[in-house]
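*Asks:* Pasting a structure here, questions to come.
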């Protein structure tokens, strides 16, 4: 009998991964947001892995509450994730997947590009996604992981925040509003540099973002989370005394 896999947060994404783990033959134990994880760890002290599938707004509080016995077997998948998030909870580097497929209620998963994975449980995640026909690949280093996390952040934040001004889809953003796209992207990368403590290759990351645009040209820019993402980005910019003029302009227009 294989050790169970715990999935904390059984929303749309968590359910996709749970199905993949089940098809690999692992028992899956779901845990709802707010459930007492310390009590669950007494019942399941030695899980194969623990997937944290709560939203980005809840990730900080959940990571602070991870039982000691689980800390070396975490899998994270949140948007806007960076090393500072698990470092703040004094956790070892977890397995991380930058999810590049979209799953909404009542629809099949829609792939933008293959999803990169890094960490000790990367093969497990790769195999689970293969069981549900979702493409992924394993990266070999924390440096590659950081690039992938910043690339995903750049994509999510640029499209959402630029979408507050211009609407439309990512193809229209690139072709019709390139000036807005580039201004927002440069502001976002300033913030990412602050949050990661290092500068990043801007041209390379923008190229990576545009690769994702090409994977799903009709992907809408402005999701429901766009206002909250802009507010969060400006909070970080204020902490770092960054000008981020375009982000501030968009925030002022949105008032």
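Numbering (this note's numbering), first residue to last: 1296 to 1550.
Think of the CB as a built atom: it goes at the ideal place given N, C-alpha and C, for glycine as much as any other residue.
Where are the alpha helix (DSSP H) runs, 4 residues long or more, that stay fully inside the segment 1421-1456, in chain order?
*Replies:* If we require 4 residues or more, the segment 1421-1456 turns out to have no alpha helix (DSSP H) run fully inside it.
*Asks:* Rounded C-beta distance between residue 1528 and residue 1486? I'm assuming under 8 angstroms.
*Replies:* That belief holds up - the Cβ atoms of residue 1528 and residue 1486 are roughly 6 angstroms apart, short of 8 angstroms.
*Asks:* Taking the straight line between their C-alpha atoms, what separation do you get for residue 1365 and residue 1536?
*Replies:* Near 37 angstroms, if we compare the C-alpha coordinates of residue 1536 and residue 1365.
*Asks:* Compare the C-alpha of residue 1376 against each of 1445, 1328 and 1468 and name the closest.
*Replies:* Taking only the C-alpha atoms, the option nearest residue 1376 is 1445.
*Asks:* For residue 1318, which residues of its own chain have a beta-carbon under 6 angstroms away from its beta-carbon, when the five flanking residues on both sides are left out?
*Replies:* So the list reads 1426, once near-sequence residues are dropped.
*Asks:* Who does residue 1369 pair with in a DSSP beta bridge?
*Replies:* Per DSSP, 1345.
*Asks:* Secondary structure at residue 1392, three-state DSSP: helix, strand or coil?
*Replies:* Note: residue 1392 maps to strand in three-state DSSP.
*Asks:* Specify, as a first and last residue, the run of the beta strand (DSSP E) that residue 1323 falls within.
*Replies:* That run of the beta strand (DSSP E) goes 1323-1326.
*Asks:* Does the count of Cβ pairs from the segment 1324-1342 and the segment 1354-1373 closer than 8 angstroms reach three?
*Replies:* Flag = yes, the segment 1324-1342 and the segment 1354-1373 touch.
*Asks:* Hey, would you say residue 1456 sits closer than 8 angstroms to residue 1434, going by beta carbons?
*Replies:* No, these two residues do not count as a Cβ contact at 8 angstroms.
*Asks:* My assumption, with CB atoms under 8 angstroms, is that residue 1453 sits in contact with residue 1483. Please give the rounded CB distance.
*Replies:* Going by Cβ atoms, the distance from residue 1453 to residue 1483 rounds to 6 angstroms, so yes, they are a contact pair.
*Asks:* Take the Cβ of residue 1450 as the centre, count every other Cβ of all protein chains shown within 10 Å, and call the residue buried at 16 or more, exposed below.
*Replies:* Buried.
*Asks:* Determine, using beta-carbon pairs with one atom in the segment 1461-1473 and one in the segment 1505-1522, whether at least three such pairs fall under 8 angstroms.
*Replies:* The answer is yes - the segment 1505-1522 touches the segment 1461-1473, with three or more Cβ pairs under 8 angstroms.
*Asks:* When the Cα atoms are used, what is the spatial distance from residue 1502 to residue 1443?
*Replies:* Rounded to the nearest angstrom, the two C-alpha atoms are 12 angstroms apart.
*Asks:* Quick one: what's residue 1397 bridged to in DSSP?
*Replies:* According to DSSP, which records beta bridges pairwise, residue 1397 is partnered with 1405.
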